Every structure is written in C-alpha cells, then in structure tokens.
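Chemist: Have a look at this one before I ask anything.
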Amino acid sequence: MRARLGQPLLALLAAFALLMASAPLASAQDESSEGSSTAATRASEPKASLPDIEDEVMCPVCGTLLSLAAEAPQANDQRKLIRRLIDQGLTKEEIKDRLVEEFGPEVLATPDTKGFDLAAWIVPGLAIVLVGGAIIVGLRRWRRTGDGDEPPPASKLDSEDAKRLEEDLARYEL
Amino acid sequence: MSAKGFAAFMGVLAVVALLAFGVIAKGEGRVQPGDEAPVESLPVLGEEGEFASLADYRGQWVLANVWASWCNPCRDEAPALERFFRRHGGENFTVLGIDSRDASDEALEFVEEFGLTYPSVRDGSGDYAEAFGATGVPESFLIDPDGKVAAVWAGPVTEESLQEQVLPLISEAS
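Listed in order, the protein sequences are those of chains A and B.
Count the first sequence with the working numbering and you get residues 1 to 174, in order.
Count the second sequence with the working numbering and you get residues 1001 to 1174, in order.
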C-alpha cells in the first residue's frame, strides 16, 4: 500500500525536478547565444516582430503588458524604440536586453531564470507538487477509511418483529 | 486551545500582518520638507559612462526635477526651468533633471528640442523617482546644501513659482 502511494508522488516530484532542470538549461542556452550573437546567428533566427515582443514586455508607466497599453504616450515611445531596434536587425532577445538597459529588469513580463527571480518559477511549481501530493494522499486515505466504514450486517429480526413488519408491508401494498 | 485552532489563528494572524505591511509600505508617500533626500548614483543622460548623484552637489541648492519626454506638462515647464537655470545656476544652485521611465533617445531629443543645458540623470526604471515618493511626472524637489528636502512641487513648476518660491530660498543662503 505504502509503495503504491509513493509512486504517484515520486512521479510528480520527478516531473517537477525535470521542469526545474530545464529552466537553467534554457537560460544557459540564452546566454551562450548572447555571447556569439553574430550576423550569421542573427540571420538564422526569425526576424523579431513588434507584436511578439509587445506580449513579453511591460509598459513601466502603465503597469500592464505593452500590448495592452493602447495609446499611452510612454507606450508609444517604447514601441518606437522597439521598431527602431527591429530595423537595426536586432533579435528578440537582444531587443529585450536593450529594453532592460533602458527601463530596468521590471520591463520584462516574465521573471528571470536565475538569482532571486528563480523563486518565481520554483515556488508555484513546488506549490503544485505539494497540493497534488496532498490531494493524492487525501484521496488514498479517504478510500481506505471508506473500505472500513461499511455498515454492519443487520441483525436478524425476532419472530414477533418479523411478523409485524410483514403486516405493515402488506398494509402499504398497492 | 487545540493544535488545529492555534494553527488557524496563526494563519489568520499571518494574513492580517501581510495586509497591514502592504498598507504601511504603500503609505510611505512623497518626501516632505525636512526629510533627507534620497541619494543614488545614476548614469548622466547623453554622457556615456558618466554617473552623478545628489551627493556630488552637497553644499549647493539643487532643484531635482523628475521628467520624461512623453509627458506634456514637462514640455510646458522645460523652458521656464532652463531660463531659471541660466539666470541663477552656478556655484550656489543647479537644476538636476531626473529622466524617469523614458527611452534615452527620446529623452535626448527632448533635451535638444528645448536646448536644456542643465544635467539630467537616467532613471529608466523609475526607482529613483519612487524613492522620492513621486507618483507622476513632472515633480520637483528643492534640496538644500545639506541634502535635505526644502520644498516639493507635484506637477509642473512655472516661471512664477520659481521666482516666488525657489529664488528667495537660494538667495537667502547666498
């Protein structure tokens, strides 16, 4: 029973560990691509587009995603800057880096995958694993106690009660 | 009290404490006359690799003006600030722009358009303006030679307000 209970928990923990391992890996890939950002690598990447970037950065004054900040003057200036950087041939990641230089890390809509910001990825994942685990454990316990809670078999009626029951039932017969 | 009751009480207490902290942290507000002005070394707009902070101006009156190129009232006050700086700027007094949540190219265009000769520091994230408790742009803070806030303007300054409120203070000291 204990082994059966542990299996789904182990699977959940393994999935979580895999997820967490892939985050720094992705970050490392980003950094390595940053380091070797040449014209050749730029050419191999799809051209950055304003709608694509707008969905991943914030308008710092409006406090919303840039794509949702319709006509705010600051948002328009930010779009102008992004268009200019696209025209210069910068990739999406390079443009996001430039935006961080201009407006600070808060401009990114998604937290970083290193340092303290990593907690923003780990904590929700960990919470999902813990809640999932608690649900599994709870369900198992509920089922186990359910098995033991069957009503005791009815005791046999004595002849007098049986006779009275039959009479009562006969009276209600349609 | 049972263990469960104690845990529930502690949970409620934690939520209340968190809410109270949020309210207190939000309510810090704008710096007031007599408060120590926040000091932070920031890049000088248009001067690659140069940094400046209020500490560099100790012994002088400083009118710290939070502005952004996308802000229309900032356009209204910029000529008045520049004229006042040209007339009264020197060893005893200076204007220091704090270009907040702005794209640097647009900020430089603004400086050129209005022929601003006083220095500005870059506060792309808006964190420094927030340290003053500024809730928008423009806002101005007159800092005395000891680094303390002497006067605050939420909104644009005008020729009149500069003459009537700033000039007497900086003349008095000299």
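For glycine and all other residues, C-beta sits at the position ideal for the given N, C-alpha and C.
Quantities reported herein were computed from a predicted structural model and do not represent experimental measurements.
(1) Quick check on Ala120(A): buried or exposed, where buried means 16 or more other Cβ atoms within 10 Å of its Cβ?
(2) So what does Ser1120(B) bridge to, in DSSP terms?
(3) Taking the continuous alpha helix (DSSP H) assigned at Ser159(A), which residues delimit it?
(4) Report the three-state DSSP secondary structure of Glu71(A) (helix, strand or coil).
(5) Around the Cβ of Asp55(A), are there at least 16 other Cβ atoms within 10 angstroms (buried) or fewer (exposed)?
(6) Looking only at its own chain, which residues have a Cβ that is under 7 Å from the Cβ of Leu139(A), when we skip the five neighbours before and after it?
(7) Let me know the secondary structure DSSP gives Phe1051(B) once reduced to three states.
(8) If Arg1101(B) sits next to Leu1042(B), beta carbons under 8 Å apart, how far is it from one beta carbon to the other, in whole angstroms?
(9) Let me see if you follow: with CB-CB separation under 8 Å, is Leu126(A) close to chain B or not?
(10) For Ser1002(B), which residues of its own chain have a beta-carbon under 7 Å away from its beta-carbon, when the five flanking residues on both sides are left out?
(11) Should Leu1030(B) and Val1152(B) be called a contact, given that it needs their Cβ atoms to be closer than 8 Å?
(12) Apply the 10 Å Cβ neighbour rule to Trp142(A) and answer buried if 16 or more other Cβ atoms are within range, or exposed otherwise.
(13) First and last residue of the beta strand (DSSP E) that includes Glu1139(B)?
(14) Can you find a C-beta in chain B that's less than 8 Å from the C-beta of Leu81(A)?
Modeler: According to the structure shown:
(1) exposed
(2) Gly1097(B)
(3) Ser159 to Tyr172
(4) coil
(5) exposed
(6) none
(7) strand
(8) That belief does not hold up - the Cβ atoms of Arg1101(B) and Leu1042(B) are roughly 13 Å apart, past 8 Å.
(9) no
(10) none
(11) Per the sequence shown, the amino acid found at residue 1030(B) is Arg instead of Leu. Cβ atoms of Arg1030(B) and Val1152(B): closer than 8 Å.
(12) exposed
(13) Glu1139 to Ile1143
(14) yes
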